[in-house]
Amino acid sequence: DRLKEFPCRIEYLSRLKSASQQREICEALKAGKIDIVIGTHALLRDSVRFKDLGLLIVDEEQKFGVSAKEKLKALSRQVDTLTLTATPIPRTLQFSLMGARDMSIIRTPPPNRYPISTMVSVFDEQLVAHAIREELARGGQVFFVHNEVNKLPQLHAMLLRNLPTVRCAVAHGQMRPSEIEEVMLDFMAGDYDVLLCTSIVESGLDIPNANTIIINNGHRFGLSDLHQLRGRVGRTNRKAYCYIFTPPLDVLTPEARRRVAAIEEFSDLGSGIQISMQDLDIRGAGNLLGAEQSGFIVDLGMETYQKILDDAIRELKYGEFSELYGDELSNEGEWVRAQDCQVETDLDVALPESFVRSATDRIAIYREIDLLQDESALNQFEKSLEDRFGHLPERVKSLLTIPPMRWKAASVGVEKLQLKGGRLSLHFMSPGDSPYYGSQTFAKVQGQLSRYAHACRVRQMEDHLRVDVDGVQTVGEAMTFLDYLSNG
22 DRLKEFPCRI
32 EYLSRLKSAS
42 QQREICEALK
52 AGKIDIVIGT
62 HALLRDSVRF
72 KDLGLLIVDE
82 EQKFGVSAKE
92 KLKALSRQVD
102 TLTLTATPIP
112 RTLQFSLMGA
122 RDMSIIRTPP
132 PNRYPISTMV
142 SVFDEQLVAH
152 AIREELARGG
162 QVFFVHNEVN
172 KLPQLHAMLL
182 RNLPTVRCAV
192 AHGQMRPSEI
202 EEVMLDFMAG
212 DYDVLLCTSI
222 VESGLDIPNA
232 NTIIINNGHR
242 FGLSDLHQLR
252 GRVGRTNRKA
262 YCYIFTPPLD
272 VLTPEARRRV
282 AAIEEFSDLG
292 SGIQISMQDL
302 DIRGAGNLLG
312 AEQSGFIVDL
322 GMETYQKILD
332 DAIRELKYGE
342 FSELYGDELS
352 NEGEWVRAQD
362 CQVETDLDVA
372 LPESFVRSAT
382 DRIAIYREID
392 LLQDESALNQ
402 FEKSLEDRFG
412 HLPERVKSLL
422 TIPPMRWKAA
432 SVGVEKLQLK
442 GGRLSLHFMS
452 PGDSPYYGSQ
462 TFAKVQGQLS
472 RYAHACRVRQ
482 MEDHLRVDVD
492 GVQTVGEAMT
502 FLDYLSNG
C-alpha cells in the first residue's frame with residue numbers, strides 16, 4: 022500500500038497468496054512484467070525465475086539460514102545487493118569487521134522518537150496487570166509475548182482473571198494464515214487491547230498505537246530476537262515500555278544472564294550494533310568458511326580471536342598466497358607496522374585502589390585503555406575517566422602516556438617494548454624473513470640506528486631483531502628515541 026503511488030507494477034509473494042495467484046506472479050516475473058516483487062522465503066523457490074534482476078534487497082537478514090543465503094548468493098552474483106538488519110548475526114558482523122563486506126550504520130532515529138524503557142524482572146501477575154492498565158489508561162495497546170503455544174490458554178485465563186474488561190486476542194504460528202491475518206488486522210484497527218502471541222510478531226508489524234510489550238521467559242530468546250521484539254513498540258512520538266520476565270538471575274546460565282543484562286543496558290535508539298557486538302562476544306563468530314553462523318569463543322575472548330585471525334590472514338598473504346596479492350603487498354602500508362605492540366615496564370603506572378575502588382572497574386578500564394586506537398580516543402577517554410572518578414593522580418596520568426608510546430613503537434615495526442631498570446629494549450617484527458625487513462621503513466630505522474650506534478646495541482635473535490638502549494628512565498625519553506627512529 023505504501024508504494025501504490027509509484028508508476029510501476031508491484032507484487033508480493035507469500036503463503037497468504039493462493040496457489041493460482043503465486044503461479045500468476047511467477048509467470049509475470051519470468052516475463053519481466055513485474056518491476057518490484059516483495060516476498061518471504063517463497064522468492065527463493067526454484068520455480069521463481071527473473072527476466073532481468075538488477076537489485077536484491079534482503080531485509081531482516083538474521084532470519085535467513087546459510088542454505089537460504091546460498092540461494093541468495095546464486096541470485097546476486099551479477100546483481101547489486103543490499104542487506105538490512107537491526108542486529109546482524111555474529112558471522113555477518115565478523116565479515117564486516119574484518120573488511121570482507123562493506124557496512125554502513127544508521128544511527129539517526131526518526132524525529133520525535135524516544136528510547137524504550139526496558140525492565141527485567143521475575144514474573145509477577147500484579148506487575149503484568151499494572152503495566153497493561155497504565156498503557157490502556159493512555160489509550161494504547163499491548164503485546165504479550167510467550168513462545169509456548171500450549172501455555173497461551175493459561176495466560177489468556179490469567180489476563181481475564183486480573184483484567185476482566187480487557188479485550189484480548191490470541192495469535193500463533195499454528196493458526197491458519199487467514200486467521201492470523203484477521204487477528205492482526207483487527208488488532209491494528211483497535212478492536213483488541215492486548216495481543217497474546219508467540220514471536221510471530223517479531224518483524225513486519227508497524228502498529229504505532231502499541232507502546233508496551235511484555236516478554237515472558239525472555240531468557241529463552243536470543244539477543245537479536247529480544248531486540249527485534251522490543252522494536253515492535255516505540256514506533257511513534259510516545260514513550261514505550263518493555264517488560265522482560267525471567268526466572269531469578271541466579272538460576273540462569275551465565276550466557277542467559279549476559280543476554281538479559283545486555284538488552285537492559287543497551288536500550289538507547291540505534292543500539293542494535295552494540296547488541297550485535299555483545300552477541301558476537303557471547304556466541305562467537307561462527308565458521309567463516311562453513312555453515313555455522315555463530316561459535317563458542319567465550320574462553321578465548323573476542324580480541325584474542327580477532328588477533329589470531331588477523332595473524333593467520335597476514336601469514337597466508339605473505340607466504341603461500343603472496344602471488345595473488347602482489348599489488349597489495351607492493352604497498353607497504355599494511356605491513357610496515359606491527360599489528361600491536363606489547364609493553365612491559367617497571368615504572369609506577371597503574372590505577373590506584375584509592376582512585377578506582379572496584380577491582381572489576383579497574384580491569385574494565387585497563388581493557389578500555391588497551392583498545393584505544395588514537396589520540397582523539399585517548400583524550401575522550403581521559404575526560405570520561407576524570408568525569409567518573411575525579412581528578413587524575415600522577416600514576417594514572419603516567420599510565421595514559423603508555424598508549425601513545427605503544428602506537429609509535431608499532432608504527433616503526435616494534436612488536437614488544439620493555440622499559441625496565443633504565444633500559445629500553447625494542448623487539449622488532451618476527452619472523453626474521455618478514456617483508457617488513459625489506460621495507461623502506463626498516464631501511465630508515467637501520468639508518469638511524471647506525472647513527473646512534475654509540476648508545477645502542479643491535480642483536481639478531483632467533484627470529485627477530487632486538488635493540489637495547491641504556492639510560493632511558495621515563496616514557497618521555499622512550500618516546501624521544503622512537504621519534505628519532507621514525508624520522509629517519
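The numbering of the sequence shown is the working numbering, which starts it at 22 and goes up by one. For each residue, glycine too, the CB sits at the ideal point set by N, CA and C.
Out of curiosity, what's the CA-to-CA distance linking residue i and residue j?
i	j	result
ALA49	ILE55	6 angstroms
GLU8	HIS485	The displayed coordinates of the chain run from 22 to 509. Any statement about residue 8 would go beyond what the structure contains.
ALA283	LEU244	8 angstroms
SER39	GLY86	26 angstroms
ASP227	THR257	10 angstroms
VAL163	ASN230	9 angstroms
ILE127	VAL79	16 angstroms
LYS51	LYS72	5 angstroms
ALA210	LEU76	34 angstroms
GLY293	MET124	14 angstroms
SER41	ASP289	45 angstroms
THR267	ASN508	59 angstroms
LEU447	LEU420	19 angstroms
ASP271	MET140	17 angstroms
ARG409	ASN400	14 angstroms
VAL493	VAL479	16 angstroms
MET500	ALA476	16 angstroms
VAL187	ALA178	12 angstroms
ARG259	ASN232	7 angstroms
CYS263	ASP246	13 angstroms
ASN183	LEU216	16 angstroms
VAL466	HIS412	39 angstroms
VAL382	ARG487	One point to set straight first is that residue 382 is Asp, not Val, in the sequence displayed. Computed Cα separation, rounded: 36 angstroms.
GLU200	PRO174	17 angstroms
Report the three-state DSSP secondary structure of residue i (helix, strand or coil).
i	result
GLN162	strand
THR501	helix
LEU393	coil
PRO174	helix
MET209	helix
LEU290	coil
GLY239	helix
ASN232	strand
CYS29	coil
ASN308	Because the pLDDT of ASN308 is 49, which lies under 50, any placement of that residue in the model is unreliable, and the number read from its coordinates should be weighed accordingly. Coil at ASN308, not helix or strand.
MET124	coil
THR139	strand
TYR473	coil
LEU506	helix
ALA49	helix
PHE266	strand
GLU244	One detail in the question is off: residue 244 reads as Leu in this sequence, not Glu. Residue state, collapsed to three classes: helix.
LEU157	helix
LEU518	For residue 518 there is no data in the structure shown, the boundaries of the chain being 22 and 509.
LEU34	strand
State the CB to CB distance for the pair residue i and residue j, rounded to an integer number of angstroms; the pair is presumed to be in contact (CB under 8 angstroms).
i	j	result
ASP489	ARG427	So it is not a contact: roughly 19 angstroms between Cβ atoms.
HIS134	GLY53	Sequence inspection shows Arg at residue 134; the His mentioned does not correspond to that position. With a Cβ gap of about 40 angstroms, ARG134 and GLY53 do not count as contacting.
PRO414	PRO373	6 angstroms
LEU157	ASP214	6 angstroms
GLY11	PRO130	Within the shown structure, residues of the chain are numbered from 22 to 509, placing residue 11 beyond reach of any answer.
THR61	GLU82	The Cβ separation is near 14 angstroms, so there is no contact.
TYR457	GLY434	5 angstroms
Give me the DSSP bridge partner(s) of residue i.
i	result
LEU438	VAL364 and LEU447
GLN481	LEU486
ILE296	Looking at the DSSP assignment, ILE296 forms no beta bridge with any residue, so it has no partner.
LEU103	ILE78
ILE55	Answer is none; ILE55 lacks a bridge partner.
ALA192	CYS218
ASP491	ARG444
Could you tell me whether the stretch 208-222 touches the stretch 138-149, where touching means 3 or more Cβ pairs closer than 8 angstroms?
The stretch 208-222 is not in contact with the stretch 138-149.
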